[in-house]
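Asker: Right, I'll just put the structure down here and ask away after.
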Amino acid sequence: MFTWSPRQNLPFRVVAAALLALAACAAARAEIAGGRELTVGKHSMVEACAPCHGADGLAHDAEVPNLAGQNAAYLYNQLRAFRSGRRPHKEMLYMSRQLSDEDMRDLAAYFAHLPPR
Numbered sequence: 700m701f702t703w704s705p706r707q708n709l710p711f712r713v714v715a716a717a718l719l720a721l722a723a724c725a726a727a728r729a730e731i732a733g734g735r736e737l738t739v740g741k742h743s744m745v746e747a748c749a750p751c752h753g754a755d756g757l758a759h760d761a762e763v764p765n766l767a768g769q770n771a772a773y774l775y776n777q778l779r780a781f782r783s784g785r786r787p788h789k790e791m792l793y794m795s796r797q798l799s800d801e802d803m804r805d806l807a808a809y810f811a812h813l814p815p816r
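Under our numbering, the residues of the sequence shown are numbered 700 to 816, in order.
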């Protein structure tokens, strides 16, 4: 006689939950940028951040902060502080001056929705 156990469906449930989470993340990323690509001129804004902060928002240097999973409002405010000079950092001042407020919001939302380390 066959008896059903909730544990028998556990692998299926885990896979189903993971697929739903991935679909939600993909939809959120598309929604974050309002359907526009994150570019400045011919260059991707994410690619511009990648040499220091990593393409996945995880820096390879202990002196550089990870951006993945950070609060979007925090990231946006930091970019504004770099651009205005309230937070001094030579490289970030240069990088942030090329960004509009909309670019900063989109970048902050993009990195906020990446999985943290």
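The beta carbon of each residue, even a glycine, is placed where N, CA and C say it ideally should be.
According to the neighbour-count rule (16 or more other Cβ atoms, all chains shown, within 10 Å of its Cβ), is G756 buried or exposed?
Answerer: Result: buried.
Asker: In or out: I731 buried (at least 16 other Cβ within 10 Å) or exposed?
Answerer: Reliability of the predicted coordinates at I731 is poor, the pLDDT of 45 falling under 50, and the value obtained from them is presented with this limitation in mind. Classification of I731: buried, given that the 10 Å Cβ count is 16 or more.
Asker: Alpha carbon to alpha carbon, what distance is there between S783 and Y793?
Answerer: Those two C-alpha atoms are separated by around 11 Å.
Asker: Grouping DSSP H, G and I as helix and E and B as strand, with all else coil, what is S799?
Answerer: Correct three-state label for S799: coil.
Asker: Which value, in whole angstroms, describes the spacing of the CA atoms of P815 and N765?
Answerer: If I take the Cα positions, the gap works out to 8 Å.
Asker: How long is the line joining the alpha carbons of Y775 and L806, rounded to whole angstroms?
Answerer: Distance between the alpha carbons of Y775 and L806: 8 Å.
Asker: Check for me: the alpha helix (DSSP H) holding P750 runs from which residue to which?
Answerer: Taken as a continuous stretch (DSSP letters only), the alpha helix (DSSP H) holding P750 covers 744-752.
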